[in-house]
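Here's the structure we're looking at; comments come further down.
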Amino acid sequence: MKPRVARGGRTAYAVVVAAALGFALEGDPARAAAPSSPSPPRVAEADVGPRDVAAPVGAVVARTFEELRALVEDAGGPPVIALTAQVYRGDLVIRRPVRVAGRHGAVLEGTGGGTVVTVKANDVQVSDVLIRRSGHRNTTEDAGFKATGERVRLDHARVEDTLFGVSFEECKHCAIDAVSVRGFDEPTELRGDGIKLWESHHSTVRRAVVERARDVVVWYTRHATLEDLVVRGSRYGTHLMYAHDAVVRGSRFEGNVVGIFVMYSARMTLEQNFLAGARGAAGMGLGFKDSDAVVARGNWLVANTSGVYLDNTPRTSDAPVVFEGNVLALNDVGLRLHSAAKGLSFRGNDLRQNALVVEADGGGDALAVEFRGNHFTEYEGYDLNGDGVGDVPFEVKALSSDLTESRPTLKFFQGTAAIGLLDAVAHAVPLLSSRKLLVDPAPLVRPPDIQAP
């Protein structure tokens, strides 16, 4: 049975999750005192990569790389080619429909001078192989596996020691399933993308594990589905740009600079994802720029610099952006707004123990955003009729926000007792209070029951 958010008490289950992942939570005794517990269920990484399977019935076995290349290049060659548990050294180009079926121990090893496996055909499947040793050229985007065509599938594979991992370029209805990608052990700026979808409409990525890559990118691609991913130790967990009608579901983004960032996209669904440990000045769990018609539900954003960042999203109130049933916990800033637009709403979310609930750049506020029925650990109101909804609105009036905006050097003290005391004094002495930043007219007095991803 999956764990649920605990009702009542200061320590949310999110604290336990963050502690289990080992992310830094210095300076808060309540966090340090959180009991140990396993993190939520994740992608079964043991099921990702090559399997120890028998050769398909009727397959022709390639005993050497030369045999493999000859079988692949033969226009009248067999529809299914089987690999044995050995190393096939060379760069392979596939130009006809074919299935290349490996098994545990089958290795496609490149020359180190280009892409290891290049597909330029429709209806190609490569499965149960280890792909390794691409070239290092960014100009040609040397990769482990690169495909152009339709209905190309890479499954149960491991890709390592490659600049780019798996790259689909103009590859419609293509699929990646049960694949792990690990990039070069180089600084982030010298790595390539772990997975890249470019103009690859109606493509899917499922059960993939990406480590130490630059980004996972979905660009100029419609109707992409990303499900059950694990991305860690990279820059962008997933970067979507002009990726209309995309879905990102049930995935984990851990220890990246940014979890998910969406630009210039519409009709997005982001649900049941876990985004944690995006630290640094640019760190954020979910980020949006100039995007419309987004639904974000059931996501957990834990221990990031900013939980959610929004810049001109939505662009129009006719394409609303809705955050519903998400957990934002232990972030330096729960919600950061570069510009607050009408058509943005937060409903039924749980904002727990964020150092700042909201911050608006440029001296702005979040009053144009609709907040209703959210839970805030800072709420000190009452519920006389016992319906679970506070009888007085929740408001953020933070004098400290104005001070840190006008004097950025004071941000060094954010989250400290000094800044907390300043806001407490402003709350007690209304004459010192600054303008309102946020209002929820119907806050919840208890955290909602939001299932962990």
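Counting in the numbering used here, the sequence shown runs without a single skipped number right up to 1096 at its last residue. The beta carbon of each residue, even a glycine, is placed where N, CA and C say it ideally should be.
Asked, Found
"Those residues which DSSP pairs with GLU812 across a bridge", "TRP841"
"Continuous alpha helix (DSSP H) stretch holding LEU711: start and end", "708 to 716"
"Through-space distance from ALA764 to VAL772, alpha-carbon basis", "19 Å"
"Nonlocal neighbours in the same chain, by C-beta distance under 8 Å from VAL730, ignoring five residues either side", "VAL750, GLU752"
"Neighbourhood of SER877 by C-beta, 6 Å cutoff - its chain only, sequence neighbours within 5 removed", "ALA856, ASN899"
"Touching by the beta-carbon criterion (3+ pairs, under 8 Å), the region 699 to 712 and the region 728 to 744", "yes"
"Span of the beta strand (DSSP E), counted from its first residue to its last, around ARG825", "818 to 826"
"For ASP935 and MET911, the rounded distance between their alpha carbons", "8 Å"
"For ALA939 and MET980, believed in contact at Cβ under 8 Å, the rounded distance", "What sits at residue 980 in the sequence shown is Leu, not Met. The pair is not a contact, with the Cβ atoms about 15 Å apart (cut-off 8 Å)."
"Limits of the unbroken beta strand (DSSP E) element including LYS985", "Premise fails: LYS985 is in no beta strand (DSSP E) and is neither H nor E."
"For GLY926 and GLU1023, the rounded distance between their alpha carbons", "30 Å"
"Simplified DSSP state of THR831, which is helix, strand or coil", "helix"
"GLU1021 - DSSP class collapsed to helix/strand/coil", "coil"
"Whether VAL762 touches ILE774 by CB criterion (8 Å)", "no"
"At least three beta-carbon pairs within less than 8 Å, the region 859 to 875 to the region 837 to 847", "yes"
"Close Cβ partners of VAL965 (< 6 Å) along its chain, the five nearest in sequence each way excluded", "VAL938, SER988"
"GLY1006, DSSP secondary structure in three states", "helix"
"Per-residue burial, TYR1025 [other beta carbons within 10 Å of its own, 16 or more giving buried]", "exposed"
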